[in-house]
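Each remark here refers to the structure printed beneath this line.
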Amino acid sequence: MSTDAERSLLNSLQAYVNRFDTSNSPEDLLAIASSILTFQQKQGSSIKIEPNQTEALIHQVVNQFQSESLSPVIDATTDTLVQEVNQWRQSLEDQVLNTLNAYARKVHPNQLQNLLPETILSILPLVENVQLRKSEAESLIRQVESKFNWNSALAQVIDPKFLVIADKLVQLSKFGDLKKRLQDSLLGNRDLINNTLENVTESFVESELAKILGSNTLHMDIDLDAQKLMVKQVTIKFNVLHSSATPSKSNEEIATQMDTEIDRFKASRPLPFRLF
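To convert, count from 1 in the sequence shown and add 1047; that's my numbering.
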């Protein structure tokens, strides 16, 4: 693991917490450190980290942060970086929340009452072309849930662009059976079972979807754009909500683990809005 990458991320994490006076809870620190790396990779950072070392790096940096009481002198480059990361995180949160508000106008309350985490994850690839790690996605879900209010969503003025995105989400929801079949097919794929779920890529999911659509038993009229969005939705669901699956687990155990993770996440916080 690169010492330079470790020191750079630790300095950035310290700078972020110092500038924005954020919580020092392990969950928040993991989310911030993950977001810093995601933003840097999104911007084409020259710091190279092997994909299978990223999670270890993040946890190591957070552990160092918690064990060291440093108040470093922040250089201008790092200060600019953390401000950009904060702006990106806030922008992503706003886009997801605005889309969720728009979507609330188009569906029955029961379609959202118990499905907010999944709905938020389904919105993510519609507003941002990036794969979030579990810690930062869960942080985003917590923030959006805490701000979502059903009555406010129905009353406020919605930017038309978010209504358009919400329409895409509604259209994709019509292919729920196909998405379920895709997820079941992935769980039955030996190549996937023999690896951690965090290693699922869009190309892997896309190839599995192509097999399903190319079968003689399925006649589905789904356009290419909808296919691409479904691939992104399923990929992020696997990579965010689901813990690593070891080869010793059966398909049924992995599937149960995936559903349990969603239930655990929903049960860990009170219902964020009232229907009446």
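For each residue, glycine too, the CB sits at the ideal point set by N, CA and C.
Being a predicted model, the structure only gives us computed values, none of them experimental.
Is it true that the CB of residue j sits closer than 7 Å to the CB of residue i?
| i | j | result |
| --- | --- | --- |
| residue 1172 | residue 1279 | yes |
| residue 1109 | residue 1184 | no |
| residue 1087 | residue 1140 | no |
| residue 1219 | residue 1267 | no |
| residue 1103 | residue 1186 | no |
| residue 1192 | residue 1163 | yes |
| residue 1232 | residue 1255 | yes |
| residue 1168 | residue 1089 | no |
| residue 1146 | residue 1209 | yes |
Give me the residue from the options with the minimum Cα distance to residue i.
| i | options | result |
| --- | --- | --- |
| residue 1166 | 1236, 1225, 1216 and 1074 | 1216 |
| residue 1177 | 1271, 1084 and 1222 | 1084 |
| residue 1120 | 1179, 1065, 1232 and 1184 | 1065 |
| residue 1271 | 1253, 1262 and 1284 | 1253 |
| residue 1081 | 1105, 1074 and 1100 | 1105 |
| residue 1059 | 1159, 1128, 1142 and 1223 | 1128 |
| residue 1273 | 1107, 1236, 1221 and 1179 | 1221 |
| residue 1202 | 1137, 1148 and 1211 | 1148 |
| residue 1158 | 1223, 1145, 1179 and 1092 | 1223 |
| residue 1212 | 1198, 1275, 1247 and 1143 | 1143 |
| residue 1053 | 1073, 1112, 1071 and 1138 | 1112 |
| residue 1174 | 1276, 1061 and 1261 | 1276 |
| residue 1122 | 1230, 1199, 1061 and 1070 | 1061 |
| residue 1096 | 1073, 1056, 1161 and 1251 | 1056 |
| residue 1228 | 1197, 1076, 1198 and 1260 | 1260 |
| residue 1092 | 1051, 1073 and 1076 | 1051 |
In terms of residue numbering, what span does the alpha helix (DSSP H) encompassing residue i cover?
| i | result |
| --- | --- |
| residue 1192 | 1181-1194 |
| residue 1073 | 1073-1089 |
| residue 1172 | 1163-1174 |
| residue 1156 | Counting along the chain, residue 1156 falls outside any alpha helix (DSSP H), and DSSP gives it neither H nor E. |
| residue 1228 | 1223-1234 |
| residue 1212 | 1207-1220 |
| residue 1054 | 1050-1067 |
| residue 1250 | 1249-1260 |
| residue 1199 | 1197-1202 |
Any beta carbon from chain B within less than 7 Å of residue i's own beta carbon?
| i | result |
| --- | --- |
| residue 1253 | Among the chains of the structure shown, chain B does not appear; only one protein chain is present. |
**Study point:** 3 or more residues per run - each beta strand (DSSP E) lying fully within the segment 1104-1128
**Key:** none
**Study point:** At least three beta-carbon pairs within less than 8 Å, the segment 1055-1069 to the segment 1137-1155
**Key:** no
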